[in-house]
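Data block below; observations after.
In the working numbering, the protein residues as written are 849 to 1255.
Here you go:
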């Protein structure tokens, strides 16, 4: 495949026709993207699921992939100069429509099976694979990341550093029988405050009192134990596959924000409404990819309800999907490396050469890191975030350049 053919393929995959609802059959297949050097590569042998992001131009949000720089980032430790900055996003990109439709990444065809409920989809950052505690019925307990809790009504959590929480369970909705394409609920469950590595420093009282950071709505928003934090969207949405469903989510978002505000001052719910972190710590998942897209768009449209409405440059616009760990780290399932460029004042003309020199070095550092990890592709695709020309505030992705590695 030539550089031009790859560029055309990517833009075809991203295309949204808007003629037959959200992520309709007349549009492109979309693409999965994963930053393979996110730190979870060191525990992937213990993980059944790892996070990926779905990219498609039915999604209207800015910053469609995680673009925050961790203070422990190895590049910053070595070079400095980028701490606290928004950065280009580097990762692997699925470009083959066959793998996105019925290939090794899905147990269903996401474009054809509009009402399929086999998956687990978060419309927002969620720490689904490393900071969630899952309800495990056979043992009558919660299994967290570094602890477990027997359902004996004492609320006592038991340290267990061998526990990898929800991330150690197989991908797919726990409500659908595995013979019908369902799964083990990997990535579902309550958000917890502590990472597994923190547990050794926790006192028993602190662990028992503060483990869960999720607001418990007592069934207001979520289904029961076996599907912990599954959003009851049928109560709000007439048909999750339609364009109209985006605005139908407003009622849910308003009620969620009010409920959160009423509980925010009660420990351990330390995050405040208006802080974008709070959404990830209290939010649930949906079982249909179009419901995810609709909610993802609605959160952005109605962000003044729950977010402080700051500039789109700082909005967390990505989704998070806990995918089968083997499939989403297999180099054969991806077609190229990709760089999603950050938003700037003139998005349509933003190129790699326009990045600050230290950002260019950051990109080269992680492209090399991916090659060292076995993701050795000939090409690197560069994707711009472009604002809609219709003045509606929607953002879309466009592959504007393809370079040969090393760049």
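Cβ coordinates follow ideal geometry from the N, Cα and C atoms, glycine included. Predicted, not measured: the structure shown is a model, and the values here were computed from it.
Under three-state DSSP, which class holds residue i?
i            : result
residue 884  : coil
residue 863  : coil
residue 1038 : strand
residue 1278 : In this structure the chain extends from 849 to 1255, so residue 1278 is not present and cannot be described.
residue 977  : coil
residue 1140 : helix
residue 1121 : Below a pLDDT of 50, predicted positions are generally treated as unreliable, and residue 1121, at 43, falls in that range; the measurement from the model is reported next regardless. If DSSP states are grouped into helix, strand and coil, residue 1121 belongs with coil.
residue 1018 : coil
residue 1007 : strand
residue 1065 : Confidence is the limiting factor: at residue 1065 the pLDDT is only 49, short of 50, which leaves the residue's position unreliable and the question unanswerable from this model.
residue 1204 : coil
residue 1211 : helix
residue 990  : strand
residue 1024 : coil
residue 1077 : coil
residue 1188 : strand
Out of the options, which one is the CA nearest neighbour of residue i?
i            : options                   : result
residue 870  : 1050, 1048, 1088 and 1148 : 1088
residue 1207 : 930, 907 and 906          : 930
residue 1018 : 1210, 1186, 892 and 1246  : 892
residue 1078 : 1044, 1131, 1049 and 1093 : 1131
residue 872  : 905, 1180 and 1028        : 905
residue 1101 : 1142, 1134, 1129 and 1150 : 1150
residue 1022 : 1153, 1245, 1133 and 887  : 1133
residue 1009 : 1107, 1042, 849 and 1253  : 1042
residue 960  : 855, 900 and 874          : 874
residue 1224 : 1250, 1254, 920 and 1242  : 1254
residue 1044 : 995, 1020, 921 and 1002   : 995
Let me check one thing: in DSSP terms, what residues is residue i bridge-paired to?
i            : result
residue 902  : 880
residue 916  : 934
residue 1253 : None; residue 1253 has no bridge partner.
residue 1245 : 1233
residue 956  : The partner list for residue 956 (beta bridge, DSSP) is empty, contrary to what the question assumes.
residue 983  : 990
residue 1170 : 899
To the nearest whole angstrom, what separates the beta carbons of residue i and residue j, a pair I think is in contact under 8 Å?
i            : j            : result
residue 1084 : residue 1139 : Contact doesn't hold; Cβ gap of about 10 Å is too wide.
residue 1016 : residue 894  : 6 Å
residue 1183 : residue 941  : 6 Å
residue 1186 : residue 923  : Actually they do not touch by this definition, with Cβ atoms about 18 Å apart.
residue 898  : residue 1177 : 7 Å
residue 1056 : residue 1004 : 5 Å
residue 1127 : residue 1154 : 6 Å
Would you call the segment 1199-1209 and the segment 907-914 touching, i.e. three or more CB-CB distances under 8 Å? no
Counting beta carbon pairs with one atom in the segment 979-998 and one in the segment 1028-1047, are three or more of them shorter than 8 Å? Segments in contact, yes.
Specify whether the segment 1207-1220 and the segment 962-970 touch according to this definition: at least 3 beta carbon pairs, one from each stretch, less than 8 Å apart. Output reads no: the segment 962-970 does not touch the segment 1207-1220.
Are the segment 945-952 and the segment 1144-1154 in contact at 8 Å, needing three or more beta carbon pairs? The segment 945-952 is not in contact with the segment 1144-1154.
Are three or more beta carbon pairs between the segment 1160-1177 and the segment 971-979 nearer than 8 Å? yes
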